[in-house]
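K.L.:
Numbering (the UniProt record's numbering), first residue to last: 1 to 936.
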């Protein structure tokens with residue numbers, strides 16, 4: 001096989017005419033073409049080919065051991081793939097052929113069959129004049145394929161269900177969902193109903209904005225957000241070229257660009273730039289790269305011109321419908337033309353000079369313009385999967401103004417293609433906005449005059465209504481109106497919220513399984529993406545077929561940025577526990593999109609709210625690092641900021657309560673009831689609750705498990721209205737950290753054995769003292785009284801309480817205490833609290849358990865006893881010792897450390913008091929007294 005340095009070895013190839021019994025040998029260098037082999041065969045066998053041009057032979061690659069009945073063995077061969085004339089011997093055999101087998105079967109006259117897809121090898125060296133002959137041959141074969149495609153109205157094969165009830169199979173067949181090739185086992189929704197976006201007005205508007213002539217666009221968003229579909233919709237209605245730097249996993253597009261990039265990377269076509277070669281290497285690399293990318297562009301223009309000429313010869317000539325037909329050829333050439341003609345042509349003219357390419361393009365473009373009746377500058381040139389050239393070969397290119405600044409090879413593609421087609425659209429996944437902007441600035445600075453824009457608004461399933469409409473199109477008629485269908489739509493809206501690919505993949509899997517076991521299919525899909533299994537609805541039935549694992553998330557790039565790595569981990573766990581994304585600020589936020597954690601919304605707004613992405617990130621950090629939710633909750637208590645430490649104490653306390661009730665647990669084992677109560681012997685478990693059109697849905701949850709009914713554990717509400725929203729529908733969030741003005745620090749729901757719910761209202765106090773006085777105890781406890789929701793005095797320990805206090809009577813301060821400032825808001829909160837599921841008649845008027853959790857200080861127990869007995873709503877009340885809930889050694893050590901800190905703080909406070917102003921006053925008085933006595 002020829003190596004990158006151009007060295008060749010001789011091959012001895014055993015050939016056999018298909019109607020003979022005796023083979024003959026041909027010696028030929030490994031770098032020679034199949035076309036040369038044909039010439040040698042003609043030279044060797046003039047008795048058979050003296051009157052037949054060598055190019056009309058058809059050669060087939062076979063493997064027939066010599067010495068056998070060759071005629072019989074020839075009949076057994078499957079002759080599907082004739083060898084194309086532009087392949088080298090090394091490309092045909094992939095290495096030196098063995099001596100004994102028959103290698104090549106010769107069959108005259110020629111027939112047209114597609115070449116097999118072989119691994120890429122170095123481009124061959126041929127002269128420009130030889131290329132013209134090959135191009136002419138190629139053109140004959142190409143037009144035969146194009147005419148067959150156009151005359152026969154060849155379409156992509158349709159996916160057919162082979163299982164399930166007849167009516168379901170008939171429904172699926174009626175959808176006419178294409179697949180990328182006859183052998184593909186998957187329906188390809190990416191290409192379904194292309195050119196029919198009229199049902200989605202927002203999609204139409206996005207396409208029109210993107211395909212606006214006279215500008216260059218950069219389409220950036222996270223993986224699966226719908227970029228490729230948007231590009232294809234635009235090219236369905238606009239003449240242009242579709243290039244992709246990565247064809248897999250769907251197999252969409254020609255591999256011409258992909259192969260050229262691999263060739264330059266694999267065979268050292270470019271020279272890494274160093275301080276020693278900087279003066280020449282950059283210029284040489286730019287010349288090599290620009291010729292390759294010009295070659296790809298020429299191949300597309302040449303085939304486009306042939307397509308238009310064939311279409312113009314059809315009845316009716318070129319029509320608007322041909323835009324879509326041209327796009328389909330670019331999307332699936334091997335299926336529709338039985339060959340990737342774009343890649344084949346690039347291979348054929350691979351060693352053409354840059355002058356030849358420019359001359360050929362200058363000849364073809366005017367023909368294209370005449371056929372279309374418009375300027376070639378009006379054509380759109382689209383590059384998809386641009387992250388591939390963005391991340392390749394940056395050591396081979398540098399900024400011309402700042403030689404130390406690397407540049408990706410993407411810049412060379414943009415510069416080369418915009419010479420011909422200024423309407424360039426570049427799209428990529430996980431693109432670094434910083435790198436992209438650097439490329440953009442450098443190209444614009446060199447060219448000038450071309451408007452550029454970064455587009456991030458791709459659209460997503462941000463509400464269940466839009467997603468349900470999409471599901472309804474594919475589901476059997478009436479399915480979503482059944483109980484099962486409504487559950488499927490609701491669960492899909494929750495778990496698959498966000499980018500389009502999540503819903504599209506689920507629909508594809510439903511279709512593959514003929515809509516059998518839709519809940520199991522959803523659960524398996526979520527698990528395969530995140531390693532978390534939904535427990536909100538279990539389905540033990542198995543799908544009809546085993547489905548391939550989908551392409552998941554790859555967060556490994558985060559490790560390349562240690563400074564951001566931990567910051568993103570904190571962001572993820574904070575969001576999971578609080579339901580509110582932490583603002584990382586500017587560039588860091590954009591990098592969340594680059595790494596697939598978040599996505600762009602409208603106006604470049606960063607959105608991190610997708611269950612699949614967040615849960616996958618949680619699993620990644622938990623398994624790949626020492627960081628976990630527990631780690632960050634404990635770490636928050638080490639901050640010197642007292643206010644932040646108090647919030648961290650609340651969150652850790654909530655977590656420990658959740659762990660304590662991860663399975664049915666007796667209430668008295670967790671809470672110390674202030675006054676004996678029948679509730680303390682009840683068994684309860686933590687639950688996640690959400691409301692649907694059919695009522696309240698309640699699911700038990702183990703927050704330490706990877707099987708959950710929810711992805712968000714808690715929600716921090718900033719306003720009374722947000723707190724009210726949680727009470728009206730928790731939407732599966734287990735913990736609510738209410739607005740400061742509401743009252744308690746924490747709300748959660750526990751389900752008793754009779755399936756009734758109790759609302760647990762908790763007030764946490766992490767104080768830098770060892771005791772809490774009676775009036776501070778009262779104020780703290782009053783925050784757990786629902787009747788005192790939205791009281792101005794509820795959160796302040798400096799105010800004694802309201803005028804109904806049974807502990808403090810007839811004091812001046814008591815008369816200044818404030819009543820609730822907004823009775824209507826209080827009433828709304830109470831109504832929502834009461835309506836939050838079936839309450840327990842053992843927990844008072846509002847089915848509430850009032851809890852006070854203090855550490856390390858102890859509250860005044862007598863005060864609490866009086867308050868509980870005076871509660872006219874008869875709500876049970878308890879104390880919570882969070883320290884006793886600590887089971888992990890690190891948790892126990894944390895609480896012990898906090899206790900030591902409080903004790904030490906108390907000692908320092910006492911020491912300062914002894915050394916403070918009072919002692920100084922006494923010292924001065926003593927000095928004055930002694931001075932007076934010394935006066936004569």
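By construction, the Cβ of each residue, glycine as well, lies at the ideal position given by its N, Cα and C atoms. All of these numbers come straight from a predicted model, not from anything done at the bench.
#1: Does the count of Cβ pairs from the stretch 599-607 and the stretch 221-228 closer than 8 Å reach three?
#2: Run the CB neighbour count on residue 340, radius 10 Å, all protein chains shown included, and call it buried at 16 or more, exposed below.
#3: Considering residue 143, what are the terminal residues of the alpha helix (DSSP H) in which it resides?
#4: Count the other C-beta atoms from every protein chain shown that fall within 10 angstroms of the C-beta of residue 578, then say buried if there are 16 or more, exposed otherwise.
#5: Taking 8 Å as the line, does the beta carbon of residue 507 fall inside it for any heavy atom of the ligand GTP?
#6: I'd like to know if the stretch 753-769 and the stretch 850-864 are in contact, where contact means that at least 3 CB-CB pairs between them fall below 8 Å.
#7: Please list, in chain order, all residues of the same chain as residue 12 whose beta carbon is under 6 Å from its beta carbon, the five residues on each side excluded.
#8: Should residue 510 and residue 475 be called a contact, given that it needs their Cβ atoms to be closer than 9 Å?
#9: DSSP three-state call for residue 16: helix, strand or coil?
#10: Going by CA-CA distance only, name the one from 18, 96, 57 and 688 that's closest to residue 29.
#11: Considering just the uninterrupted stretch of the alpha helix (DSSP H) at residue 40, what are its terminal residues?
#12: With a floor of 3 residues, list each beta strand (DSSP E) that falls wholly inside the stretch 158-236, ordered by position along the chain.
#13: Report the three-state DSSP secondary structure of residue 414 (helix, strand or coil).
#14: Distance check for residue 621 and residue 779, CA to CA, integer angstroms please.
#15: CB-CB under 6 Å to residue 243, same chain, minus the five flanking residues each way: which ones, in chain order?
#16: In angstroms with no decimal places, state the Cα-to-Cα distance between residue 714 and residue 726.
#17: The alpha helix (DSSP H) that contains residue 775, what's its start and end?
#18: Can you tell me the Cα-Cα spacing of residue 238 and residue 357, whole angstroms?
#19: Hey, which unbroken runs of the alpha helix (DSSP H) at 4 residues or more fall wholly within the stretch 440-505?
#20: For residue 402, does the count of other Cβ atoms within 10 angstroms reach 16, so buried, or fall short, so exposed?
#21: Is it the case that the Cβ atoms of residue 425 and residue 191 are separated by a distance below 9 Å?
#22: Count the other C-beta atoms from every protein chain shown that fall within 10 angstroms of the C-beta of residue 461, then say buried if there are 16 or more, exposed otherwise.
#23: Does the beta-carbon of residue 546 have 16 or more other beta-carbons within 10 angstroms, so that it is buried, or is it exposed?
#24: Exposed or buried, residue 641, counting other C-beta atoms within 10 Å across all chains shown (16 or more means buried)?
#25: For residue 429, which residues of its own chain have a beta-carbon under 6 Å away from its beta-carbon, when the five flanking residues on both sides are left out?
#26: Let me know if residue 188 comes out buried or exposed under the rule of 16 or more other beta-carbons within 10 Å of its beta-carbon.
#27: Keeping to the same chain, check which residues put their C-beta closer than 8 Å to that of residue 18; ignore five residues upstream and five downstream.
#28: Please report how far the alpha carbon of residue 141 lies from the alpha carbon of residue 337, in whole angstroms.
#29: Over the uninterrupted alpha helix (DSSP H) stretch that includes residue 305, give me the two end residues.
#30: Can you list, in chain order, the residues of its chain whose CB lies under 6 Å from that of residue 629, leaving out five sequence neighbours each side?
#31: Any contact of the stretch 657-675 with the stretch 490-506, i.e. 3+ C-beta pairs under 8 Å?
#32: Is the beta carbon of residue 689 closer than 9 Å to that of residue 679?
#33: Consult DSSP for residue 685 and reduce its assignment to one of helix, strand or coil.
#34: What's the C-alpha gap between residue 16 and residue 102?
#35: Can you give the Cα-Cα distance for residue 570 and residue 632, rounded to whole angstroms?
#36: Output the distance between the C-alpha atoms of residue 60 and residue 334, rounded to the nearest integer angstrom.
P.N.:
Well, looking at it:
#1: A contact exists between the stretch 599-607 and the stretch 221-228.
#2: To locate residue 340, count along the chain shown from 1; it is residue 340. Burial is judged here by how many other beta carbons sit within 10 angstroms of a residue's own beta carbon; residue 340 has at least 16 and is buried.
#3: Looking up residue 143 in the chain shown gives position 143. Per DSSP, residue 143 belongs to the alpha helix (DSSP H) from 128-151.
#4: Residue mapping note: residue 578 aligns to position 578 of the chain shown, counting from 1. Of the other Cβ atoms in all chains shown, 16 or more fall within 10 Å of the Cβ of residue 578; this residue is therefore buried.
#5: Within the structure as shown, the ligand GTP is missing, as the structure has no ligands at all.
#6: Inter-segment contact for the stretch 753-769 and the stretch 850-864 is present: three or more beta-carbon pairs are separated by less than 8 Å.
#7: Reading the chain shown from its first residue, position 12 is the one you call residue 12. Closer than 6 Å at the Cβ level, and outside the excluded window around residue 12, lie 25 and 27.
#8: Position 510 of the chain shown holds residue 510. Position 475 of the chain shown holds residue 475. Taking 9 Å as the Cβ cut-off, residue 510 and residue 475 qualify as a contacting pair.
#9: Translated into the one-based positions of the chain shown, residue 16 becomes position 16. Residue 16: strand per DSSP, three-state reduction.
#10: To locate residue 29, count along the chain shown from 1; it is residue 29. The residue among 18, 96, 57 and 688 with its C-alpha nearest the C-alpha of residue 29 is 96.
#11: Numbered from its first residue, the chain shown carries residue 40 at position 40. According to the DSSP assignment, residue 40 belongs to the alpha helix (DSSP H) that extends over 34-44.
#12: Scanning the stretch 158-236 from its first residue to its last, the whole beta strand (DSSP E) runs of 3-plus residues come out as 215-221.
#13: Looking up residue 414 in the chain shown gives position 414. In the three-state reduction of the DSSP assignment, residue 414 falls in the helix class.
#14: If you number the chain shown from 1, residue 779 lands on position 779. If you number the chain shown from 1, residue 621 lands on position 621. Their Cα atoms are separated by approximately 41 Å.
#15: Walking along the chain shown from the start, residue 243 turns up at place 243. Cβ within range, chain order: 257 and 383.
#16: Mapped onto the chain shown, residue 714 falls at position 714. Mapped onto the chain shown, residue 726 falls at position 726. When the Cα atoms are used, residue 714 and residue 726 turn out to be separated by approximately 10 Å.
#17: As a first step, residue 775 must be located in the chain shown, where it is residue number 775. Per DSSP, residue 775 belongs to the alpha helix (DSSP H) from 774-782.
#18: Mapped onto the chain shown, residue 238 falls at position 238. Mapped onto the chain shown, residue 357 falls at position 357. Roughly 25 Å separates the two Cα atoms.
#19: Within the stretch 440-505, the complete alpha helix (DSSP H) segments at least 4 residues long are 464-474 and 483-495, listed from N- to C-terminus.
#20: On the chain shown, residue 402 is found 402 positions in, with the first residue counted as 1. That one is exposed.
#21: Residue mapping note: residue 425 aligns to position 425 of the chain shown, counting from 1. Residue mapping note: residue 191 aligns to position 191 of the chain shown, counting from 1. In this structure, residue 191 does not lie closer than 9 Å to residue 425 by Cβ.
#22: On the chain shown, position 461 is the one that residue 461 refers to. Counting Cβ neighbours within 10 Å, residue 461 comes out buried, since at least 16 surround it.
#23: Reading the chain shown from its first residue, position 546 is the one you call residue 546. Its Cβ having fewer than 16 others within 10 Å, residue 546 is exposed.
#24: The count along the chain shown starts at 1 and reaches residue 641 at position 641. By the Cβ-count criterion, residue 641 is exposed, with fewer than 16 other Cβ atoms from all chains shown falling within 10 Å of its own Cβ.
#25: Counting from 1 along the chain shown, the entry for residue 429 is found at position 429. Correct list, in chain order: 223 and 387.
#26: The count along the chain shown starts at 1 and reaches residue 188 at position 188. Residue 188 should be labelled buried.
#27: One-based indexing of the chain shown puts residue 18 at position 18. Result list for residue 18: 74, 105, 106 and 107, in chain order.
#28: Numbered from 1 along the chain shown, position 141 holds the residue referred to as residue 141. Numbered from 1 along the chain shown, position 337 holds the residue referred to as residue 337. The alpha-carbon of residue 141 is positioned some 10 Å away from that of residue 337.
#29: Here residue 305 refers to the residue found at position 305 when the chain shown is read from its first residue. Per DSSP, the continuous alpha helix (DSSP H) segment holding residue 305 begins and ends at 278-312.
#30: The residue labelled residue 629 in the question sits at position 629 within the chain shown. Within the same chain, residue 629 has close Cβ partners 573.
#31: Contact fails: fewer than three Cβ-Cβ distances are below 8 Å.
#32: The residue given as residue 679 occupies position 679 in the chain shown. The residue given as residue 689 occupies position 689 in the chain shown. Contact flag unset, no.
#33: Along the chain shown, one-based indexing puts residue 685 at 685. Of the three classes helix, strand and coil, the one that applies to residue 685 here is strand, per DSSP.
#34: On the chain shown, position 16 is the one that residue 16 refers to. On the chain shown, position 102 is the one that residue 102 refers to. Cα-Cα distance, rounded: 7 Å.
#35: Against the chain shown, residue 570 aligns to sequence position 570. Against the chain shown, residue 632 aligns to sequence position 632. If I take the Cα positions, the gap works out to 7 Å.
#36: As a first step, residue 60 is located in the chain shown; it is residue number 60 there, counting from the start. As a first step, residue 334 is located in the chain shown; it is residue number 334 there, counting from the start. Their Cα atoms are separated by approximately 19 Å.
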